[in-house]
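Residue numbers (the working numbering), protein chains in the order written: chain E, 43 to 349; chain C, 362 to 782; chain V, 1221 to 1335.
Each residue gets a CB set at the ideal place from its N, CA and C atoms; glycine is no exception.
Single-structure report; data block below.
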Amino acid sequence: MSTLAQTQPGVRKTLWRPSNALVTFIVFMLPAFVLFTTFVMLPMIDAAHFSLYKWSGYGAPTDFVGTQNFERLASNRIFLHSLGNSLKIIAASMFIQLPLALGLALLIYEKRWSNTVFRLVFFLPYILAEVASGLIWSFIFDGDYGLAAEIARWLNIENFYILANRQWAFTAILVVIVWKYFGFHMMIYIAGLQSIPKDQIEAITIDGAGPLQVIRYVKLPMLKPAIIMSVFFSVIGALQIFDIIIPLTNGGPSNSTHTIVSFLYTFGLQRMNIGFGSAVGIVLFVCCATFAFTYRATFQREKGAAR
Amino acid sequence: MKLYRKLSLGTAVALVELMGVAQAETTVRVMGIEPNDPFEKTINQDVVDAYEAENPGTKITIEYLENSAFKSKLPTVLQSDKRPDLYWSWAGGVLEEQARNGVTQNITEQVKATFDETMPKGAVEAFSYKGEIVGAPSKVSLIVIWYNKALAEEAGVDVSQIKTWDDFLAAALQAKDSGVTPIVAGGKDKFPLHFYVAYLAERIMGTEALAAARAGENGGFTNPDFIKALEEFKRLADIEPFQKGFASATFAKESGMFGDGQALFELAGQWNYSTQKANSASGEGLPEENLGMMAFPAVDGGNGDPSDVLGGINGWVVTKDAPKEAVDFLKYWVSKPVEEKYAAAGQWIPIAKGAGEALTNPYFQKVSQMSGDAAHMQLYLDQAFGPNLGGAVNDISVDLAVGAITPEEAAEMLEDYRMME
Amino acid sequence: MITDNMFGWRTALRIIFLLIMTVVIMGPLSITVLGGFKSLGELRTSPIGLPDHWVLSNYAGILSSADFWRYLRNSLVISMSCVVLTLIVSGMAAYCFAQLHFFGKRCCLPISQSE
């Protein structure tokens, strides 16, 4: 607390003396701190605690097993596979979803009524409940009656059941994920693009730059903060994908399409291995936290260097 | 506030007791799952009304939760002081875990004499923990083979001649060769495929040896007889008898396809009588003259009794600290006259002795009879073995069906899970 | 002339692309809306396209069910109080992060815009 200091010069400095800053800090931070502690820190500490026990959720955890849950996790074939699946989601978000979102944002960011309509439409899947999206797409992928069946008839090939196929089921899930979430990232980019001062674009256009050059030299550089943020959200989001998996494949066939969280849900909660499930939760948390801090450190340094 | 309420309640109770008047109103809180057939709620309410009329001073409230919400809320609510007095249960491993942790109440003294008289022993045992009765069974479900008579004729299969598992495999093969899908299965939901593994294990090992394997005796799940059961299932899977894409089909799709007349056999509970209607394209299901039902075939040389059945038992569990009125209401609820009301409405195979006679549907009559004649009843393995090992049984059933593992690997996997418990 | 022509091409391509995307988005969504008018069996056997028989009981059942309105009210209460609480609490905390310097500040925020 002794390191508390004013940052803003000027008017505030005369009004707010350092002691006031301390008071402000305590008063303003306290509610957030209390809520954060109760709803984030304490459950996390609980989870860390439970992860060292074999516990069904009934009674108090008494069967201390040390790091056994983590060891079992490290050698669990299905878990390692679901870890890989989560990485695939990250890759699909990075290389398909974000470029798509960026492209669409560039096409429809200008304030026009037709663009507003498109923006609304593209944002709709994001609003739709995850479970509902999964369910609809399971109808579409249905090899007997769904769109997949129509396509098979049209191409005159044998019906294919993509969700029943261990090699391809996860690709189908990636399609649904991109479909569902690109609208969110598109909105981030649109907000970023709309805040680019018009005179900058005009200036470079007068200098003879074509539309692609405007994108390359003005829009993309100006979008950098938005892109940094959207990558961050898409990675954290990808690690937490869950609701879509259950109605689409229920993790199957042969547990080949689980993500980290659907693995946690199925093998931890549904099967009443709360201790084991907590261990998965801790691993997931460590993944997210490591990513968040590394990511931040990387871009902080870059900014510092640029200055 | 809470303390005050407790104090005043205590005073009130003391006063009433002092005066010797039983006027204090007791509320019995029941927590159940949203029934598939809304009509069940109506009967429940009738039963509650009738009971309340006879027992002034007791009030019954039933809260219904959606199936999965119920399951995820139960552990928390049972361990809080907001726990209901009676709750819905599938018996098996979960009930055992609840009883072991002391959230249930031993009601043996109050009910044993009555239940001994009115209920089959096995069903009461399913609601007992270490010999203490903790609740009451109310209905039973049995897994049977449903078949489509029209398709059997088309494929040239004489279903009445299917006596053994080998006959069944031959019938499946013949159907496949004549272009009829032999079996529909909902692999995405996993449990429909586990019925085969469970029945084969029951037929080959017998219920007692299966329970011994569960307990880790005779090599646990790597016991040769259990592996034999998995191998027999593999034999079926090798025929590729299931509909295309079965690994991504839900149970709803399975029963709908059967109701549409798209496959010869379906291994499912008697409840499939109504689900194959509801999920069929027409909403009508198979016409009854085409809808056949038979018991799971015997396995040559198996130790199990061919009359043994696989199924589920549902009922109500009494929680600790529940008032004695809760037990009293429960006794009334599962008594023969009340169970007859449910049976007459056509959805339930009642457990109380003799109540099955109120059934009017011929399929259900047959199932009720099978349940009465069975030498043993094996609870669904995913209930009986508890959620962890039971879930693993479901997993390996799908893995075997899609050909992802061998019977030996499946047995090893189950044994690993068992040893970790 | 050439630039005009190119502009026309571009616009046409842009609109075609946007329309394709619209179909990709709206197709599945329309299945949801229309699916509500189908019976369980029809939803399974023809999920795509207009219903053969318009079943109104699904929507009517939801809208006339007291449970639904109670759930809706619950959701509303939860989301409203969430918004209000989040705005107040995080607004106050954000002020501290933006305007004050304190030990550990850099560690608390994974992404900070105000450096």
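Its Cα nearest to that of Asn1278/V, the residue Thr1252/V stands out among Phe1322/V, Thr1252/V, Arg1290/V, Cys1302/V.
Here the alpha carbons of Phe164/E and Lys153/E stand approximately 16 Å from one another. Sequence-distant Cβ neighbours of Leu740/C in its own chain, meaning closer than 7 Å and more than five residues away, are Ala452, Gly453, Ala487, Gly673, Ile674. For Asn675/C, DSSP records a beta bridge to Lys500/C. Going by DSSP, Lys614/C is part of no beta strand (DSSP E) but of the alpha helix (DSSP H) stretching over 612–620. Chain C has no Cβ within less than 8 Å of the Cβ of Thr1242/V.
In this structure, Phe212/E lies away from Asn118/E, with their beta-carbon atoms at least 8 Å apart.
Taking a Cβ-Cβ threshold of 7 Å, the residues of chain C close to Thr1265/V are Ala642, in chain order. Residue environment for Phe1237/V: exposed (fewer than 16 other C-beta atoms within 10 angstroms of its C-beta). Secondary structure note for Glu601/C: it is in no alpha helix (DSSP H), with a DSSP letter that is neither H nor E.
In this structure Leu561/C is in contact with Ala590/C, their Cβ atoms being roughly 4 Å apart against a cut-off of 8 Å.
Approximately 5 Å separates the beta-carbon atoms of Ile394/C and Asn428/C; this is inside 8 Å, confirming the contact.
Cβ-Cβ separation between Leu647/C and Gly620/C: approximately 6 Å, consistent with a contact (criterion under 8 Å). Annotation for Glu457/C: the continuous alpha helix (DSSP H) segment containing it runs 453–461. DSSP lists no beta-bridge partner residue for Phe165/E. In its chain, beyond the 5 residues on either side, Asp743 have a beta carbon closer than 7 Å to the beta carbon of Gly752/C.
In the DSSP annotation of this structure, the continuous segment of the alpha helix (DSSP H) that includes Ala143/E starts and ends at 140–150. Here Pro1248/V really is in contact with Ile178/E; their C-beta atoms are around 5 Å apart, less than 8 Å.
Rounded to whole angstroms, the Cβ separation of Pro445/C and Val391/C is 6 Å, and the two are in contact under 8 Å. Looking only at Asp666/C, Ala624/C, Glu514/C, the smallest Cα-Cα distance to Ala735/C is reached by Asp666/C. Among the residues of chain E, those whose CB is under 9 Å from the CB of Val759/C are Gly294, Pro295, Ser296, Asn297, following chain order. The residues Leu306, Gly310, Leu311, in chain order, have a CB closer than 6 Å to that of Gly319/E in the same chain once the five nearest residues on each side in sequence are set aside.
Between Gly1261/V and Ala546/C, the C-beta gap is not smaller than 8 Å, which leaves the two residues out of contact. Linking Gly622/C to Asn509/C through their CA atoms gives a straight-line distance of about 7 Å. At a cut-off of 8 Å between beta-carbon atoms, Gly617/C makes contact with chain V.
The way I'd put it, the region 691–698 of chain C doesn't touch the region 761–776 of chain C; fewer than three beta-carbon pairs between them come closer than 8 Å. With a threshold of 8 Å between beta carbons, Ala639/C makes contact with chain V. Rounded to whole angstroms, the separation of the alpha carbons of Glu776/C and Ala576/C is 11 Å. The beta-carbon distance between Val520/C and Met655/C, rounded to whole angstroms, is 7 Å. This is short enough to meet the 8 Å contact definition. If you draw a 10 Å sphere on the C-beta of Val501/C, you find 16 or more other C-beta atoms in it, and that means buried.
Using a Cβ-Cβ cut-off of 8 Å, Gly99/E counts as an interface residue toward chain C, since at least one Cβ of chain C sits closer than that to its own.
Going by C-alpha positions, His737/C is about 23 Å away from Glu592/C. Residues of chain C with a Cβ closer than 7 Å to the Cβ of Gly1261/V are, in chain order, Gly617, Asn640, Ser641, Ala642, Ser643, Gly644. Using a 10 angstroms sphere on the CB of Glu458/C, the tally of other CB atoms reaches 16 or more, which defines it as buried. In this structure Ile182/E is in contact with Ala190/E, their Cβ atoms being roughly 7 Å apart against a cut-off of 8 Å. Along the region 177–203 of chain E, going in chain order, the ones with a CB nearer than 9 Å to a CB of chain C are Ser180, Phe183, Asp184, Gly185, Asp186, Glu200, Asn201, Phe202, Tyr203.
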